[in-house]
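The next block holds one structure in the form of structure tokens; read it before the comments.
Residue numbers (this note's numbering): 2 to 243.
Printed below as a string of structure tokens:
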């Protein structure tokens, strides 16, 4: 793989080969899934999501996360979409939908980290209605994992990482960069949650996902310490198009 870009053909094949996107025996991904699910449940209740809403599920892998609404599943990998209604095999950087179609966009599971963030978020803004809600999850560069490396707090850069046993390459982004793109596209951030704070540091030391994931139980405690929680690996945001 070219170090200077994401090979989407490789990414597509990787996800098509995976037995599970959220392996039940992988503590890291189970914790990630639990945090995303919790945030989506909270947001869908707070902003009164209904079954009549049109939802763009960007990079869905066929998962609705039990969020009510009519989901339009978009992914570059077809394996997990074949048994769900309303699926589209395409890149979220170039969507085939008309302007102002969706009430909600869900883009979670670090989908944004395989994309050019500016292109993807501009497209999402285009297809969201006025006052539409975007739930966005991504891996950030201002993380304990990258302290002392050239990647720390970079606006945007590509790193080598792991993904369910695969060696993978993804983008990581600084929160300031993502926030600036959201503002540029007329999004107002309403809510946020940071998670996987101490786990990336433990992974960097041990190189073992499950060992690192055992420390996720300290995330809630760390969330009360602003200086520490800002070094999380993952950020999930709820924004509204204004």
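Cβ coordinates follow ideal geometry from the N, Cα and C atoms, glycine included.
Between which residues of its own chain and residue i is the CB-CB distance below 6 Å, once the five residues before and five after are set aside?
i, result
"residue 145", "201, 202, 232"
"residue 194", "40, 237"
"residue 96", "124, 128"
"residue 29", "210, 214"
"residue 192", "239"
"residue 22", "62"
Tell me, to the nearest whole angstrom, how far the beta carbon of residue i is from that of residue j; I am working on the premise that it is less than 8 Å.
i, j, result
"residue 108", "residue 129", "With 8 Å as the limit, residue 108 and residue 129 do not qualify as a contact, their Cβ atoms being about 11 Å apart."
"residue 197", "residue 217", "7 Å"
"residue 58", "residue 44", "With a Cβ gap of about 14 Å, residue 58 and residue 44 do not count as contacting."
"residue 219", "residue 199", "5 Å"
Identify the residues that DSSP records as bridge partners of residue i: which are they?
i, result
"residue 76", "90"
"residue 105", "56, 134"
"residue 243", "Paired residues: none, contrary to the question."
Measuring CB to CB, does residue i end up less than 8 Å from residue j?
i, j, result
"residue 243", "residue 187", "yes"
"residue 209", "residue 175", "no"
"residue 87", "residue 72", "yes"
"residue 56", "residue 103", "yes"
Give every residue of the same chain whose Cβ lies closer than 7 Å to the Cβ of residue i, excluding the five residues on either side of it in the sequence, and list them in chain order.
i, result
"residue 94", "116, 117, 120, 121, 124"
"residue 140", "111, 114, 171, 173, 234, 235"
"residue 227", "none"
"residue 182", "118, 119, 122"
"residue 78", "13, 16, 17"
Within its chain, find whatever has a CB closer than 8 Å to the CB of residue i; leave out the 5 residues flanking it on each side and keep chain order.
i, result
"residue 132", "241, 242, 243"
"residue 304", "Residue 304 lies beyond the residue range present for the chain, which begins at 2 and ends at 243; the question has no answer from this structure."
"residue 100", "127, 128"
Of all the CB atoms in chain D, is at least one closer than 8 Å to the CB of residue i?
i, result
"residue 90", "Annotation note: the requested chain D is absent from the structure, which comprises a single protein chain."
Could you tell me which uninterrupted alpha helix (DSSP H) segments, each at least 4 residues in length, are contained entirely in the segment 118-173, listed from first to last along the chain?
118-128
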